[in-house]
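Visitor:
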């Protein structure tokens with residue numbers, strides 16, 4: 007999950023089961039669904055509470071979707087992401103768990119696979135697009151594709167947050183927030 011620069015919850019699923027759950031149970035009519043053009047992408051949903059997402063929020067959700075897809079490990083630095091309305095997503099008979107048919111027009115974005123990580127005022131670790139994280143966190147590290155193992159990156163994030171925020175964060179919480187693969191970190 008992430009919080010947009012406008013303060014809205016952005017949800018990214020982790021697997022086929024959560025893909026099914028978010029689309030079937032939690033998707034509301036005015037929200038937007040994001041997916042990369044390539045296979046192996048999570049669904050990302052902006053929880054709008056009836057409001058219209060801004061252009062910046064759409065860009066942030068696209069980045070969040072791309073960075074949490076298999077494209078991170080593939081080393082692809084710019085991904086094609088599209089967004090659609092909830093009524094365009096249909097579960098058809100015979101499709102495997104987590105798979106859906108998409109009908110109608112799609113709106114495409116080019117999304118760089120670049121994120122940031124920080125801790126919110128209520129001491130929760132969030133990782134998402136730089137604009138969103140800077141809007142919600144005081145101390146921020148950029149997260150890019152790189153050569154540092156995820157576990158080592160999580161330890162560096164923990165040390166950074168301890169030094170800057172004077173708090174101890176559970177290493178597992180940081181690991182869950184980071185994208186799926188090796189990365190490099192830099193203070194913003």
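In our numbering, the protein residues as written are 7 to 194.
We treat Cβ as the ideally placed atom computed from N, Cα and C, and that holds for glycine.
These numbers come from a predicted model, not from an experiment.
(1) Quick one: is residue 169 buried, meaning 16 or more other Cβ sit within 10 Å of its Cβ, or exposed?
(2) Would residue 185 be called buried (16 or more neighbouring beta carbons within 10 Å of its own) or exposed?
(3) If you run the structure through DSSP and keep just helix, strand and coil, what is residue 57?
(4) Of the residues 157, 175, 173 and 151, which one's Cα is nearest the Cα of residue 76?
(5) Output the distance between the C-alpha atoms of residue 67 and residue 102, rounded to the nearest integer angstrom.
(6) Note down, one range per segment and in chain order, each beta strand (DSSP E) of at least 3 residues found wholly within the region 26–56.
(7) So, do the region 135–143 and the region 106–122 have three or more beta carbon pairs nearer to each other than 8 Å?
(8) Report, in whole angstroms, the separation of the C-beta atoms of residue 41 and residue 18, which I expect to be a contact under 8 Å.
(9) From residue 63 to residue 174, what does the alpha carbon distance come to, in whole angstroms?
Guide: Let me lay it out:
(1) Its Cβ having fewer than 16 others within 10 Å, residue 169 is exposed.
(2) The Cβ neighbour count for residue 185, taken over all protein chains shown within 10 Å, is at least 16; the residue is labelled buried.
(3) In the three-state DSSP reduction, residue 57 falls in the coil class, being neither helix nor strand.
(4) Checked all of 157, 175, 173 and 151; the closest Cα to residue 76 is 151.
(5) Going from the Cα of residue 67 to the Cα of residue 102 covers about 25 Å.
(6) Listed in chain order, the beta strand (DSSP E) elements of length 3 or more contained wholly in the region 26–56 are 38–42 and 50–52.
(7) Judged by Cβ distances under 8 Å, the region 135–143 makes contact with the region 106–122, as three or more pairs qualify.
(8) Your pair residue 41 and residue 18 does not check out as a contact, with CB atoms roughly 11 Å apart and the cut at 8 Å.
(9) Distance from the CA atom of residue 63 to the CA atom of residue 174, rounded to whole angstroms, is 30 Å.
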